[in-house]
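**Q**
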Amino acid sequence: MTTTEERYIVTADDVIWSEADRWRALLDERNGTDRLELTCRILKITEEAGEVTQAWLGVLGQNPRKGITHTVDDVVGELADVVFTGLVAIASLGADPHEAVTAVAAKAAKYRLSLDTTPADPPGAGT
1 MTTTEERYIV TADDVIWSEA DRWRALLDER NGTDRLELTC RILKITEEAG
51 EVTQAWLGVL GQNPRKGITH TVDDVVGELA DVVFTGLVAI ASLGADPHEA
101 VTAVAAKAAK YRLSLDTTPA DPPGAGT
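Quick note: the sequence shown, position 124, residue 124 per full-length UniProt numbering, numbers continuous.
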């Protein structure tokens, strides 16, 4: 494949980052970018997380009046909403969501690798 052909390949990864930026631009245009608006975009993550909680409780049937109201797929969808809303919030703060997520993944990988070389205490140790 030539470099020219490679240019036109769009991956799912590209769609995620570009769509998050399109949402940032739409919100900027419609709502502005003052601190209150940015605060609302950050707080939107908490709202979405609440929907994850509601869906998970629905999977567990924790509301005796309603019983089981959600599926694991519903929970997965709500978790994805949290992630995407976070990407839009990151972009709204002027940061690159791809770079931010990559940095967090690298930090998590480094920590995980340190766990691989550090033996865990057996259950009940130290009690």
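A virtual CB, placed ideally from N, CA and C, is assigned to each residue, including glycine.
(1) Look at the Cβ atom of ALA91, then the Cβ atom of ALA20, and state whether they are nearer than 8 Å.
(2) Checking 8 Å against the spacing of the C-beta atoms, do ILE45 and VAL82 come in under that value?
(3) Please state whether DSSP places ARG65 in a helix, a strand or coil.
(4) State yes or no: is the C-beta of PRO97 within less than 8 Å of the C-beta of TRP23?
(5) My output table needs one value for PRO119: the three-state DSSP class, helix, strand or coil.
(6) Can the beta-carbon of THR69 be found less than 8 Å from the beta-carbon of GLY77?
**A** Based on what the coordinates show:
(1) What you label residue 91 is simply residue 91 of the sequence shown in a count that begins at 1. What you label residue 20 is simply residue 20 of the sequence shown in a count that begins at 1. Yes. Within cutoff.
(2) One-based indexing of the sequence shown puts residue 45 at position 45. One-based indexing of the sequence shown puts residue 82 at position 82. Cβ distance < 8 Å, so ILE45 and VAL82 count as in contact.
(3) Along the sequence shown, one-based indexing puts residue 65 at 65. Under the three-state reduction of DSSP output, ARG65 falls in the coil class, being neither helix nor strand.
(4) Locating residue 97 in the sequence shown gives position 97, counting from the first residue. Locating residue 23 in the sequence shown gives position 23, counting from the first residue. Taking the C-beta atoms as reference points, TRP23 is found no nearer than 8 Å to PRO97.
(5) Start at 1 with the first residue of the sequence shown, and residue 119 comes out as number 119. It is coil, neither helix nor strand.
(6) Sequence index remark: in the sequence shown, residue 69 carries index 69 (1-based). Sequence index remark: in the sequence shown, residue 77 carries index 77 (1-based). With contacts defined as CB atoms closer than 8 Å, THR69 and GLY77 fail to qualify as a contacting pair.
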